[in-house]
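Sequential numbering from 31 applies to the sequence shown in my numbering.
Note that beta-carbon positions come from the ideal geometry of N, C-alpha and C, so glycine has one too.
Please read all numbers here as calculations on a predicted model, not as lab measurements.
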Amino acid sequence: MSAQLYLASTSPRRRELLRQLNLSFDTLDPNIDESIQSNERAEDYVLRMAREKARVAFDRLDASHTSYSSNTNSDVSPIVLAADTAVICDQDILGKPVHQQQGQAMLNQLSGRSHWVYSAVTCMSTERLESVLVKSKVYFRTLTRQEIVDYWQTGEPEGKAGGYAIQGVAAIFIERLEGSFSAVMGLPLFEVNALLEQFNIRALG
Numbered sequence: 031m032s033a034q035l036y037l038a039s040t041s042p043r044r045r046e047l048l049r050q051l052n053l054s055f056d057t058l059d060p061n062i063d064e065s066i067q068s069n070e071r072a073e074d075y076v077l078r079m080a081r082e083k084a085r086v087a088f089d090r091l092d093a094s095h096t097s098y099s100s101n102t103n104s105d106v107s108p109i110v111l112a113a114d115t116a117v118i119c120d121q122d123i124l125g126k127p128v129h130q131q132q133g134q135a136m137l138n139q140l141s142g143r144s145h146w147v148y149s150a151v152t153c154m155s156t157e158r159l160e161s162v163l164v165k166s167k168v169y170f171r172t173l174t175r176q177e178i179v180d181y182w183q184t185g186e187p188e189g190k191a192g193g194y195a196i197q198g199v200a201a202i203f204i205e206r207l208e209g210s211f212s213a214v215m216g217l218p219l220f221e222v223n224a225l226l227e228q229f230n231i232r233a234l235g
């Protein structure tokens, strides 16, 4: 039975990263509630988000019969890949800033310090669900007030966890990284490849 891979994400960065594995895939919009539950730990939050995205996308795919059906194409097995990333500083989960004041406050909090980035990935088929959590530590140099203002004006921080994009202009803020660069971007490729191999999907044939 052949497998059809779906990425449950609308993130251009995750699509770009997954393409690096030379895999054919389609995308799905999981569109879930990403609210943090009371007293929820960061590890639990990102794992829950990745699993919920995978389940919601898989259920919608199953219900719509867009690409497979037990009646019409039983030779295709859908595999859904989902991920979630959170930036953690002072035990606070820093989300995606929606306005300048919020974005600048996040960068002020990260300035001159280290913080954690947690990336969770879930892979799901009709028979099983597997997840993995990757933790990376990012060290920011001290930022000037003007740098923070100017960075927001680039438009890059909007829609990014923690209010910055490691692959963009914000690279000049980062002294060093302990962990996975692709995980901080939003999709840890080493772990993704290992997960997909468990579902018989291989980047190198």
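| Query | Result |
| --- | --- |
| Between Gln34, Asp74, Gly142, Ala33, which has its C-alpha nearest Val162's C-alpha? | Asp74 |
| Helix, strand or coil for Ala195, going by three-state DSSP, please let me know. | coil |
| Measure from the alpha carbon of Glu188 to the alpha carbon of each residue in Arg71, Arg232, Leu124, then state which is nearest. | Leu124 |
| Label His129 either buried or exposed according to how many other C-beta atoms from any shown protein chain fall within 10 Å of its C-beta, with 16 as the threshold for buried. | exposed |
| Unbroken alpha helix (DSSP H) runs of length 4 or more, entirely within the stretch 102-163: which are they? | 130-140 |
| Does the beta-carbon distance from Leu35 to Leu159 come in below 8 angstroms? | no |
| Considering only residues of the same chain and omitting the five flanking positions on each side of Glu186, which have a CB-CB separation below 8 angstroms? | Tyr194, Ala195, Gly198, Val199, Ala200 |
| Does the contact criterion of 3 or more C-beta pairs under 8 angstroms hold for the stretch 41-51 versus the stretch 212-219? | yes |
| Would you report the Cα separation of Ala213 and Glu82, rounded to the nearest angstrom? | 19 angstroms |
| What residues in its chain sit with their C-beta under 6 angstroms from that of Thr115, if we drop five residues either side in the sequence? | Ser149, Ala191, Gly216 |
| Can you tell me whether Leu234 is buried or exposed, with buried defined as 16 or more other CB within 10 angstroms of its CB? | exposed |
| Indicate whether Ser144 and Tyr181 have their beta-carbon atoms separated by less than 8 angstroms. | no |
| Whole angstroms are fine: how far does the CA of Leu207 sit from the CA of Thr40? | 26 angstroms |
| Exposed or buried, Thr102, counting other C-beta atoms within 10 Å across all chains shown (16 or more means buried)? | For Thr102, the predicted model reports a pLDDT of 48, less than 50, meaning its position is unreliable; a value from the coordinates is still stated below. Thr102 comes out exposed. |
| Looking only at C-alpha atoms, which of Arg232, Thr156, Lys165, Ser166 sits nearest to Arg90? | Thr156 |
| Just mark Thr184 as buried or exposed, buried being the case when its beta carbon has 16 or more other beta carbons within 10 Å. | exposed |
| With a threshold of 16 other CB atoms inside 10 Å of the CB of Gly142, please say whether the residue is buried or exposed. | exposed |
| Per DSSP, which one or two residues make a beta bridge with Thr57? | Leu37 |
| Does the distance from the C-beta atom of Asn230 to that of Ala33 stay below 8 angstroms? | yes |
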